[in-house]
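6 protein chains.
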Amino acid sequence: MSSVAVCPGTFDPVTNGHVDVIERAAAHFERLIVACLRNVGKQPLFQLDRRVELLRSATDHLGNIEIWTFEGLLVDFCRQNDVGIVVRGLRAVSDFESELEMAQMNHRLAGVETFFVATSPLHSFLSSTLVKEVARFGGDVSPFVPPAVCDSLRAQFAANRSV
Amino acid sequence: MSSVAVCPGTFDPVTNGHVDVIERAAAHFERLIVACLRNVGKQPLFQLDRRVELLRSATDHLGNIEIWTFEGLLVDFCRQNDVGIVVRGLRAVSDFESELEMAQMNHRLAGVETFFVATSPLHSFLSSTLVKEVARFGGDVSPFVPPAVCDSLRAQFAANRSV
Amino acid sequence: MSSVAVCPGTFDPVTNGHVDVIERAAAHFERLIVACLRNVGKQPLFQLDRRVELLRSATDHLGNIEIWTFEGLLVDFCRQNDVGIVVRGLRAVSDFESELEMAQMNHRLAGVETFFVATSPLHSFLSSTLVKEVARFGGDVSPFVPPAVCDSLRAQFAANRSV
Amino acid sequence: MSSVAVCPGTFDPVTNGHVDVIERAAAHFERLIVACLRNVGKQPLFQLDRRVELLRSATDHLGNIEIWTFEGLLVDFCRQNDVGIVVRGLRAVSDFESELEMAQMNHRLAGVETFFVATSPLHSFLSSTLVKEVARFGGDVSPFVPPAVCDSLRAQFAANRSV
Amino acid sequence: MSSVAVCPGTFDPVTNGHVDVIERAAAHFERLIVACLRNVGKQPLFQLDRRVELLRSATDHLGNIEIWTFEGLLVDFCRQNDVGIVVRGLRAVSDFESELEMAQMNHRLAGVETFFVATSPLHSFLSSTLVKEVARFGGDVSPFVPPAVCDSLRAQFAANRSV
Amino acid sequence: MSSVAVCPGTFDPVTNGHVDVIERAAAHFERLIVACLRNVGKQPLFQLDRRVELLRSATDHLGNIEIWTFEGLLVDFCRQNDVGIVVRGLRAVSDFESELEMAQMNHRLAGVETFFVATSPLHSFLSSTLVKEVARFGGDVSPFVPPAVCDSLRAQFAANRSV
């Protein structure tokens, strides 16, 4: 078994739910590549560089993590880096069908297998979108994101308001 | 990474959908233990020995498979055999929540991680229950189960009818 | 196009939701066969003959309905009677996946097509099981079932209580 | 507003998830009636008296709780006791549709309103059924149920095994 | 029990489904605040003032209703006005998970409790979005919205077409 | 029974999943009108003319198909053409509720009935959106769309890249 897996996402920004999935995947593979999607389509809140920095600071307690960026198809990233396993967290039924659709497409396109892990129930009501919505209006998001992300969100929205 | 996983089930009887999940798990672990549950609660169609024989014949093309039986809690089986990963197939949304509930319970009870794989769409409408229902009334289940299972179902229901 | 369809069910007993589906199907086919399943597995509340009588009285305003009984596989009934279309009502998401599974199995086994119709929202919270539960304890089910069914439920449960 | 609500269930046995719902409802009503269903249909693990005792010990920190028993229809219980509000916890999508069906039926039958509360995510993977399954095989259920329930489950299953 | 609740929404425009939820909530609280969200994100069809006017005309038969506007986080609105209960309608499974996520976030952020009520089945297929889509192309929406909303939609889209 | 049905969609572009639904509907009606929506709202990848051409080439093996275009409400199209039946494919639970909502609205607005067919499991993970996403980054979509669509997607995205 080639013991490498990739954990892909936009991570705009990384939440405690993402960190939970990354920790659980890292415990079962020799190397875990966290692949941060550039996401040309929609305008992210944080630039790619900043998202990678925040990921790095949130996962520096894990020894077998590498943080990379990619654009385009995940299966191309997997092929180029000879990785056959994708790990994704599943929070809720509403995630389930689009994730299943993607997993089946990736398997069909390139034989890439997806392993889904059940997100801890503590984080099941977290999403980057909801966290940003709360932070935008000055709500306290410190229970939901790593400390550096909390600071960055505060700085980002303060900057927006002062404009 | 300890490269062993367990793929549990009642397998009453094994279907092509189960074989698909077992093949995909076997491709990514050094050893895959297929654990057949004795299932004291409800009356199975096939006795445990027969279910294991049918599993063995359906997976004898795979070199890294072991077929064991168990009763009681899956987490106890995992602890006794020092296995930290369970692999389960997910067919549909209706599977999803009870599977998530079990995975979270097993993680909480014993730190056992569950990796879910998306069953191939070809098998997404298969279940042991539906296959038995069709076979009971003489329907042709050969596209849905391995050949030995097809013969066993025919023999089983012919025996029932002759009684 | 062969303009015949079959609308199968256990109808134990027929509810206003069933009648709605039957009326809507009857409006679009030349002949609609309502096929009442004998259901050897679980013990029905009403015997097959009584279920057919109640169906007949609930649908006697429709000219192109025939009420038949069957046991075994629905696809065998379809083949024997040269019917290629099954009509089923869909009330809710929880119906959806098992219905889809059955429809795909029936298509695979015998090329039988299933047309699903969306039950009127007025009847979306009705099921034979819930109606029987309410009637068992003397609740008023007259808004949910045809008059003859209402009387039969009352008589049935009064008989049970006097035993 | 008549500030009384009823929180019904079988409570076989009460879990930390039930206690969470009861605490949250008790905070918003002057009186909260916890109504324990006799449940003539299926054989419960604990007799009604024992289920009530366990409920009492799990909620004795709450001043405005009353624990009653009932059988038959919940709407009859509501009418007899002049209660217009039912409170139910919602854990997951799979609960949702049958709960909605019951709520709409109860509103239609007797104008009784149901308020659903979202169970804390910590308890979202808990059910009495799963807890009993784990306890039956000697698993540790102390994180999931009140202490007295934990002891009762241990005693109950020890008794079963010694038979 | 502090008998005040808030029923929040964008109400762009208010439908008969919203009115049903407001009426049912108003029957169980001494005061019900209907809180109309300014919604800076997406462009509404009706300006905030107009949405409030339409809400007012649709609910003027209810004595214990107050209609307010807010922007930002609902929990901030609740804290400023010392309201601890939010009432929301649930129509369908697809509403359920995002609503649960919001309710759990609001409970975590500020101890605000959400009571969900099951929308009447008659209104279960209504949404402001679908109503606007139908009205945009001249369809008759009079069965789905209060009379004043019907007129406003007609005027709004006539104005658009004459431009 | 008037044996005409309409199969509506945006078809941007037509996939093998659409073709499967069209073929199955065509087998059961004398005439099947495939109605291609102009879709003024969002910017399609292919112009209406091109979408119709691709539909035509994908269905020219079927003798009883007509391909028309429409804008506005589907029920108006149905009324103008005296069609009382709409056929739609259902792939997954996430399709289900919005489809049900539309079907119930169309029935209420104009008595138009919707028959849903279960998409073949082979195509259950296909959507025009996912196919375009894969093609945009040069992935091979030939197993998922008719040959002419495959060529058109390649040409379209090559043109985009050379700009």
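Chains as they are written, first to last, in the numbering used here: chain A, 1 to 163; chain B, 1001 to 1163; chain C, 2001 to 2163; chain D, 3001 to 3163; chain E, 4001 to 4163; chain F, 5001 to 5163. Backbone N, C-alpha and C define an ideal beta-carbon position, used for all residues, glycine too.
Asked                                                                                                                               : Found
Cα-Cα separation, E:P4143 to B:F1046                                                                                                : 57 angstroms
Straight-line Cα distance separating A:C78 from A:G111                                                                              : 10 angstroms
Sequence-distant residues of its chain with Cβ nearer than 6 angstroms to B:R1056 (five each side left out)                         : I1067
8 angstroms Cβ cutoff, A:M1 in contact with chain D                                                                                 : Because A:M1 sits at a pLDDT of 48, beneath the cut-off of 50, its placement in the model cannot be relied upon, and the following sentence gives the value as read from the coordinates. No, its Cβ sits nowhere closer than 8 angstroms to a Cβ of chain D.
F:M5001 versus F:A5026: straight-line alpha-carbon distance, rounded                                                                : Model confidence at F:M5001 stands at a pLDDT of 48, short of 50, so the residue's coordinates are unreliable and nothing is read from them.
Min CB distance F:V5117 to chain B below 8 angstroms                                                                                : no
The segment 133–147 of chain A in contact with the segment 113–121 of chain A per 3-pair CB rule at 8 angstroms                     : no
First through last residue of the alpha helix (DSSP H) which encompasses E:V4131                                                    : 4128–4136
Unbroken stretches of the beta strand (DSSP E), 3 residues or longer, contained in the segment 5018–5072 of chain F                 : 5031–5037, 5065–5070
Where C:E2030 falls, given that 16 or more other Cβ within 10 Å makes a residue buried                                              : exposed
Residue-chain proximity (B:F1011, chain F), Cβ-Cβ < 8 angstroms                                                                     : no
Any C-beta of chain C under 8 angstroms from that of F:T5114                                                                        : yes
Given C:D2151 as reference, the closest of C:D2082, C:E2053, C:S2098, C:H2028 once Cα atoms are compared                            : C:E2053
Length of the line joining the Cα atoms of A:S98 and B:A1092                                                                        : 12 angstroms
Counterpart residues of F:V5087 in DSSP-defined beta bridges                                                                        : F:F5115
8 angstroms Cβ cutoff, F:A5103 in contact with chain C                                                                              : yes
Sufficient close CB pairs (3 or more, under 8 angstroms) joining the segment 122–141 of chain A to the segment 4123–4138 of chain E : no
DSSP three-state assignment for E:A4149, whether helix, strand or coil                                                              : Just to set this straight, residue 4149 of chain E is Val in the shown sequence, not Ala. Helix at E:V4149.
Under 8 angstroms (Cβ pairs) to chain E, residues found in the segment 5062–5090 of chain F                                         : G5072, L5073, V5075, D5076
E:V4004, enclosing beta strand (DSSP E) - first and last residue                                                                    : 4004–4009
Distance between beta carbons of F:R5051 and F:D5020, contact taken as under 8 angstroms                                            : With 8 angstroms as the limit, F:D5020 and F:R5051 do not qualify as a contact, their Cβ atoms being about 18 angstroms apart.
Contact with chain F by E:A4027, beta-carbon distance below 8 angstroms                                                             : no
Nearest neighbour of F:E5071, chosen from E:G4063, E:N4160, E:E4133 [CA to CA]                                                      : E:E4133
For B:F1096, the three-state DSSP class (helix, strand or coil)                                                                     : helix
Pick from A:P44, A:N106, A:F157 that is closest to A:V14, judged by C-alpha positions                                               : A:P44
is_contact[A:E99, chain F] using C-beta, thresh 8 angstroms                                                                         : no
Per-residue contacts from B:V1141 into chain F (C-beta, under 8 angstroms)                                                          : Going along chain F, no residue has its Cβ under 8 angstroms from B:V1141, so there is no contact; the nearest lies around 16 angstroms.
Proximal residues to E:F4157 (C-beta, below 8 angstroms), its chain only, five neighbours per side dropped                          : A4135, R4136, G4138
Coil, strand or helix - C:N2081 by DSSP                                                                                             : coil
For B:I1065 and B:T1059, the rounded distance between their alpha carbons                                                           : 8 angstroms
Integer Cβ distance of B:V1086 from B:L1100, believed to fall under 8 angstroms                                                     : About 13 angstroms; that fails the 8 angstroms criterion.
Coarse secondary structure for E:M4001, derived from DSSP in three states                                                           : In this predicted model, E:M4001 has a pLDDT of only 48, less than 50, meaning its place in the structure is not dependable enough to derive any value.
Rounded separation between F:D5095 and C:F2096 - CA only                                                                            : 11 angstroms
Selection from C:H2028, C:I2022, C:E2023 that minimises the alpha carbon distance to C:S2003                                        : C:H2028
Nearest to D:I3033 (by Cα), restricted to the options D:N3039, D:I3022, D:G3041, D:V3149                                            : D:I3022
Contact check, A:L90 vs A:T69, beta carbons under 8 angstroms                                                                       : no
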